[in-house]
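Protein chains in written order, with the numbering used here: chain E, 218 to 497; chain A, 2 to 124. The beta carbon of each residue, even a glycine, is placed where N, CA and C say it ideally should be.
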């Protein structure tokens, strides 16, 4: 048999989980799929990164469907940040192909620790935006906030800074095969003053571009296996479809706590893997 | 036409591109997976004309050489997936170029150029 059913189903379950968690928490899912393939299926890290890019491309497009329909994506802002992020992704992917796999594991574990830390902070934060602070001359936007039942207007600041930081976000995205949601969302939210929901929606849109470029760079160097990519694409699509539908029934705080725990565990495993140490 | 109307049209166009592209990509990838699991050789193996392309593509760009080594059904699915960002950036660039606020085209045109360089060129 060319494609073993058990292998196919195992990767399908892992990627469905990655797609589900990714869509529930506003991440691409690459943070789960890369270490998952590397640690559970013993897939070489470069191939896992290449496969992750394809999966992230699917989740990003799938969640963008919902966000664009709800008019939460700021396409102008996305175009600006994409210009920096794409160049960064090409550089990051090229670095990733050039450096040692153990070093990638170590960098990945640091990124995982950072994500766990930023998620822990995000869980305790409450956002307040009022329409009075909006400057009409800046690149501004608006979205409908269901919880407050009103349209929120916002303006965007530090555009140059945002583009520069998105370049570095692109480097990390290309280097590690992650969409970059964990990096682009704080850039927009903290540095540019964009509301969190708009940041997540716009980040999903940007990830569609960075993961495409990353996938092309890895594909050029032959890092592609259809036997691995097929269940990943299908699984992440299924997960990304279920996520938004069960979003309102899930206790986000509990989910975040569990996910932070899982991230820390994966980070430790990846770090030990990178240092070539075995877990006792 | 107002800027808001242009943006709504752009959003609708992007939504349609994603819907069609993603659906077709998933259909082709599932078809290949089923054929690979159940060894349906007539779907799984490359068609004869595709082998001819392979033979004549020995000196092609490495990206294309790697793509034509992927099973054809999967390749079609993959390209539907890849077409989403390509069409998306073309739509965004065209909208910005013909809108009042042309300044945004300054950001999307370079992305389009980078796409062309990566796909056709040597990165």
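DSSP-derived helix/strand/coil call for residue i
| i | result |
| --- | --- |
| residue 372/E | strand |
| residue 367/E | strand |
| residue 378/E | helix |
| residue 391/E | helix |
| residue 255/E | helix |
| residue 440/E | coil |
| residue 221/E | coil |
| residue 99/A | coil |
| residue 357/E | strand |
| residue 351/E | At residue 351/E, the pLDDT of 46 sits below 50, so the modelled position is not reliable; the number obtained from the coordinates is stated separately. Here residue 351/E sits in coil by DSSP. |
Beta-carbon proximity list for residue i, same chain, < 7 Å, skipping 5 on both sides
| i | result |
| --- | --- |
| residue 423/E | 295, 298, 299, 302 and 401 |
| residue 229/E | 448, 451 and 452 |
| residue 386/E | 302, 305, 397, 400, 401 and 404 |
| residue 210/E | Because chain E in this structure spans residues 218 to 497, residue 210/E falls outside the shown range and cannot be described. |
| residue 216/E | The requested residue 216/E is not part of the displayed model; chain E covers only 218 to 497. |
| residue 483/E | 252 and 329 |
| residue 289/E | 360, 414, 415 and 418 |
| residue 382/E | 404 and 408 |
| residue 110/A | 94 |
| residue 332/E | 248, 399 and 480 |
| residue 477/E | 333, 336 and 337 |
| residue 384/E | 301, 302, 304 and 305 |
| residue 281/E | 290, 421, 422 and 425 |
| residue 105/A | 97 |
Top-ranked residue by Cα proximity to residue i, from the options
| i | options | result |
| --- | --- | --- |
| residue 368/E | 308/E, 377/E and 358/E | 358/E |
| residue 14/A | 76/A, 29/A, 25/A and 86/A | 86/A |
| residue 485/E | 406/E, 361/E, 290/E and 323/E | 323/E |
| residue 420/E | 253/E, 227/E and 242/E | 242/E |
| residue 432/E | 444/E, 468/E, 391/E and 454/E | 391/E |
| residue 458/E | 100/A, 99/A, 36/A and 20/A | 20/A |
| residue 116/A | 314/E, 430/E and 462/E | 430/E |
| residue 270/E | 290/E, 248/E, 376/E and 444/E | 248/E |
| residue 371/E | 225/E, 410/E, 379/E and 246/E | 410/E |
| residue 258/E | 408/E, 226/E, 480/E and 414/E | 226/E |
| residue 95/A | 5/A, 113/A and 71/A | 113/A |
| residue 456/E | 446/E, 245/E, 362/E and 327/E | 245/E |
| residue 119/A | 374/E, 487/E and 434/E | 434/E |
| residue 460/E | 283/E, 268/E and 222/E | 283/E |
| residue 108/A | 377/E, 286/E and 329/E | 377/E |
| residue 394/E | 360/E, 383/E and 272/E | 272/E |
| residue 224/E | 445/E, 287/E and 462/E | 445/E |
| residue 428/E | 255/E, 256/E, 221/E and 266/E | 266/E |
| residue 293/E | 79/A, 74/A, 78/A and 89/A | 89/A |
| residue 31/A | 78/A, 106/A, 105/A and 92/A | 78/A |
| residue 35/A | 7/A, 74/A and 5/A | 74/A |
| residue 222/E | 38/A, 104/A and 4/A | 38/A |
| residue 192/A | 16/A, 3/A and 5/A | With chain A covering 2 to 124 only, the question about residue 192/A has no answer from this structure. |
Beta-carbon proximity list for residue i, same chain, < 6 Å, skipping 5 on both sides
| i | result |
| --- | --- |
| residue 82/A | 26 |
| residue 491/E | 319, 322 and 323 |
| residue 22/A | 81, 84 and 85 |
| residue 308/E | 388 |
| residue 310/E | 391, 431 and 434 |
| residue 362/E | 369 |
Close Cβ partners of residue i (< 8 Å) along its chain, the five nearest in sequence each way excluded
| i | result |
| --- | --- |
| residue 10/A | 96 |
| residue 380/E | 297, 298, 300 and 301 |
| residue 442/E | 264 and 268 |
| residue 466/E | none |
| residue 487/E | 252, 255, 256, 322, 323, 325, 326 and 329 |
heavy atom of the ligand GDP below 7 Å from residue i C-beta
| i | result |
| --- | --- |
| residue 13/A | As far as ligands go, the structure on display features none, and thus does not contain the ligand GDP. |
Are there three or more Cβ pairs, one per stretch, closer than 8 Å when the segment 269 to 284 of chain E is compared with the segment 233 to 245 of chain E? With contact defined as three or more Cβ pairs closer than 8 Å, the segment 269 to 284 of chain E and the segment 233 to 245 of chain E are in contact.
Decide yes or no for the touch test of the segment 473 to 487 of chain E against the segment 322 to 341 of chain E: beta carbon pairs closer than 8 Å, at least 3 of them. Because the criterion of three Cβ pairs below 8 Å is met, the segment 473 to 487 of chain E and the segment 322 to 341 of chain E touch.
Meets three-Cβ-pair contact criterion under 8 Å: the segment 254 to 266 of chain E and the segment 313 to 332 of chain E: yes
Cβ pair count under 8 Å reaching 3, the segment 431 to 445 of chain E against the segment 99 to 106 of chain A: no
Any chance you could list the alpha helix (DSSP H) runs of at least 4 consecutive residues sitting entirely within the segment 387 to 434 of chain E, in chain order? 398 to 403
For the segment 272 to 337 of chain E, which segments carrying the alpha helix (DSSP H) assignment without a break, of at least 4 residues, lie completely within its bounds, in sequence order? Every alpha helix (DSSP H) stretch that sits fully inside the segment 272 to 337 of chain E and reaches 4 residues is listed by chain position as 292 to 315.
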